[in-house]
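For reference, the structure discussed in these notes is given below.
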Amino acid sequence: MNSKITPQHQSKPAYIYIRQSTLAQVRHHQESTERQYALKDKALALGWTETAIRTLDRDLGQSGAQMTGREDFKTLVADVSMGQVGAVFALEVSRLARSNLDWHRLLELCALTHTLVIDADGCYDPGDFNDGLLLGLKGTMAQAELHFLRGRLQGGKLNKAQKGELRFPLPVGLCYDDQGRIVLDPDDEVRGAVQLAFRLFQETGSAYAVVKRFAEEGLRFPKRAYGGAWAGRLIWGRLSHERVLGLIRNPSYAGIYVFGRYQYRQRITPQGEVHKRVQPVPKAEWRVHLPDHHDGYITPEEFERNQDRLAHNRTNGEGTVLSGAAREGLALLQGLLICGCCGRALTVRYQGNGGLYPLYLCSARRREGLATTDCMSMRSELLDNAIGEAVFTALQPAELELAVTALSELEQRDHAIMRQWHMRIERAEYEVALAERRYQECDPANRLVAGTLERRWNDAMLHLEAIRTEAARFRNQKALVATSEQKAQVLALARNLPRLWRAPTTSAKDRKRMLRLLIRDITVERRSATRQAVLHIRWQGSACTDITVDLPKPAADAMLTPPRSSSGCVNYRSICLTGKSWRTSIRKVYAVLLANRSRLKWSNGSATGIELK
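FYI, UniProt numbering numbers position 499 of the sequence shown as 499, with every residue one higher than the one before it.
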């Protein structure tokens, strides 16, 4: 019997704390678990009864670096603080905590409540100076050991990643071959779906547009399951916006091997707990970047262009004046105009009955209290028409070539969609053949199994028929297979680009996308003295062009009647001023306007004459 163990300690329960860091250790390293459970025999040998021993093992699979998620450790600390524990048993100090903060808090509570700490090396009284010093050193070494272990593991991973040999789960469309190299997925349907997603993003320029196109065409997108009973299995489902963003932002699709794209960040919650979350790392801080490491679906240059397009689509992007994707509004220059007065982006405001009349407005300085009026405000059709004419002039030499290229791209896109449908039919046919073989190989006498296999065969055939019906519907309604006559009509229409631009079938969103392919931004300079607006156009090729647009007169000035024309149409002798208003033989409103342009001579409270200006 140890002299430090007194009847007072034995009168209180003994807590046996059991912990391993990961679930993999719990499954594959059970010797450590058995040794920790064997501490119960040691407690019995030291004088505690079996009913006075409590085993805390709910923290198996939890890291000891922090208290978050360790419910049994919280229970242990709470019971020790209330003086309800006689001794704490642990195989070693690192099982209790690998954080000096948690370890010294527990030691301080044990010293205050006279609770013993017992491990495989001996029995310690935290209230004793020498024992407390030794326990403190053990806790410090446990935390340092965690640092050394992490450093060795991370160093080995980094060294292997720098050679491009570190294996990690690959995104769908890529896989490892028998030699451990990254290759394109051998499944044609998987490769076709990934290629189609990149093609649609290049065509539409928006992740939401890719999701919408997949939904309209009834296409599915694959996902590879990792871990669990479904490990390695291919799962087909709908394409979501998050998955499109992950597809576009992943450099692996460009043949680039990257390590260190994400890192853990710790934060303290209002409850005082430390939580970890994953945050992306800027590209300049990636620890490993190996271009041309393997075959990809796009080139590195296309990958960079896609990142720039995603950044430009953000409406709250930092460091960009103009941002946002092309949308359905009537203002064609939305997201392209910059105020020449304050340098801010011009916004769009709709007015009129139903909000069908857009205005380009810059009110940034007024909103911030730096000015009392807006920088500028003008009707959208004035600028839209001027920019449209400039685009027609710039595109005249290349109209025919653009039409041929656009028609070819449309056909290639629809062929790719039809190819996806054909491969989907082939996969369904394989499932039917597989179900048939399983049914044929079954013992007919075993009706329980044969009935189930027969139902699966029927379900597979019904699924195949449904896919064929959907593919036929798409082929008849949406697929573009242009005949020679249709191609001739398209080329003839391309020679008259203004007609195509103003056609009712051309949506405002399509016009905006055409403008953004040609124009980078437009700076608007308003000249109030001459009632003109100068548009400084910066094209995508960095060339600049200036266009002058005449602005209309204010509404009040437009309603004024010229002096000589009024005298020719109205007999001013027929105008009389009553107590309520001017009245003429023509109409009341005209009389009021005329009165505003006149000088009256008054005599005895009545108008004696009118002299026109």
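In this text, a Cβ means the ideal position worked out from N, Cα and C, and glycines have one as well.
Owing to the predicted nature of the structure, the values given are computational and were not obtained by experimental measurement.
Check: Three CB pairs or more closer than 8 Å across the segment 207–223 and the segment 239–259; Outcome: yes
Check: Rounded straight-line distance, which links the Cα of D374 to that of C569; Outcome: With a pLDDT of only 49 at C569, under 50, the local geometry of the prediction cannot be trusted, and the value read off the model is given with reservation. Rounded to whole angstroms, C569 to D374 spans 40 Å at the Cα level.
Check: Proximal residues to P498 (C-beta, below 7 Å), its chain only, five neighbours per side dropped; Outcome: F392
Check: Exposure of G260, with buried meaning 16 or more beta-carbon neighbours within 10 Å; Outcome: exposed
Check: Boundaries (first-last residue) of the alpha helix (DSSP H) holding Y264; Outcome: That residue, Y264, is in no alpha helix (DSSP H); its beta strand (DSSP E) goes 262–268.
Check: Distance, R344 Cα to A364 Cα; Outcome: 7 Å
Check: Which of helix, strand or coil DSSP assigns to M418; Outcome: helix
Check: M559 burial status per 10 Å Cβ neighbour count (16 or more: buried); Outcome: exposed
Check: Range covered by the beta strand (DSSP E) that runs through D546; Outcome: 544–550
Check: Nearest-angstrom Cα separation, counted from L359 out to H536; Outcome: 19 Å
Check: Close beta carbons around D57, own chain, < 6 Å, minus the five adjacent residues each side; Outcome: I18
Check: Counted within 10 angstroms of its Cβ, other Cβ atoms place I5 as buried (16 or more) or exposed; Outcome: buried
Check: Bridge-paired residues (DSSP) for M514; Outcome: Paired residues: none, contrary to the question.
Check: Straight-line Cα distance separating Y253 from K553; Outcome: 56 Å
Check: Helix, strand or coil at A445 according to DSSP, with G and I counted as helix; Outcome: coil
Check: Exposure label - M82; buried when at least 16 CB within 10 Å; Outcome: exposed
Check: Member of A460, A142, M423 whose CA lies at the smallest distance from the CA of F221; Outcome: M423
Check: Straight-line gap, R587 to L382 (C-alpha atoms, nearest Å); Outcome: For R587, the predicted structure reports a pLDDT of 47, less than 50, and the residue's modelled location is therefore unreliable. A value from the coordinates is still provided. Distance between the alpha carbons of R587 and L382: 33 Å.
Check: Complete alpha helix (DSSP H) runs within the UniProt domain "Recombinase" (171–316) (minimum length 4 residues, chain order); Outcome: 188–204, 207–217, 241–249, 300–313
Check: Candidates N353, L356, C341, L333: closest to T347 by CA position; Outcome: L333
Check: Opening and closing residue of the alpha helix (DSSP H) in which Q351 lies; Outcome: No alpha helix (DSSP H) holds Q351; the beta strand (DSSP E) holding it covers 347–351.
Check: Reference P13, options R265, T22, R27, D79, closest by Cα; Outcome: D79
Check: Beta-carbon proximity check, V288 vs L174, cutoff 9 Å; Outcome: no
Check: Span of the beta strand (DSSP E), counted from its first residue to its last, around H29; Outcome: No beta strand (DSSP E) contains H29, which DSSP labels as neither H nor E.
Check: Under 9 Å between C-beta atoms of G369 and T523; Outcome: no
Check: C-alpha distance - Q10 paired with S32, whole-angstrom precision; Outcome: 27 Å
Check: Buried or exposed by the 16-neighbour rule on C-beta atoms within 10 Å, applied to S3; Outcome: exposed
Check: Span of the alpha helix (DSSP H), counted from its first residue to its last, around M67; Outcome: Segment: none, M67 is in no alpha helix (DSSP H) and carries neither H nor E.
Check: Within 9 Å, strictly: CB atoms of K138 and E92; Outcome: yes
Check: Same chain, Cβ closer than 7 Å to T548, neighbours up to 5 away in sequence not counted; Outcome: Q532, V534
Check: Residue from L551, M378, R98 with nearest C-alpha to Q143; Outcome: R98
Check: Local Cβ density within 10 Å of D546, reported as buried at 16 or more and exposed below that; Outcome: exposed
Check: For E525, the first and last residue of its enclosing beta strand (DSSP E); Outcome: 519–527
Check: C-alpha distance - L464 paired with A311, whole-angstrom precision; Outcome: 41 Å
Check: Every unbroken alpha helix (DSSP H) within the segment 75–114, with a cutoff of 4 residues, ordered by chain; Outcome: 93–96, 100–113
Check: Segment limits, beta strand (DSSP E) that includes R365; Outcome: Here R365 belongs to no beta strand (DSSP E); instead the alpha helix (DSSP H) covers 364–367.
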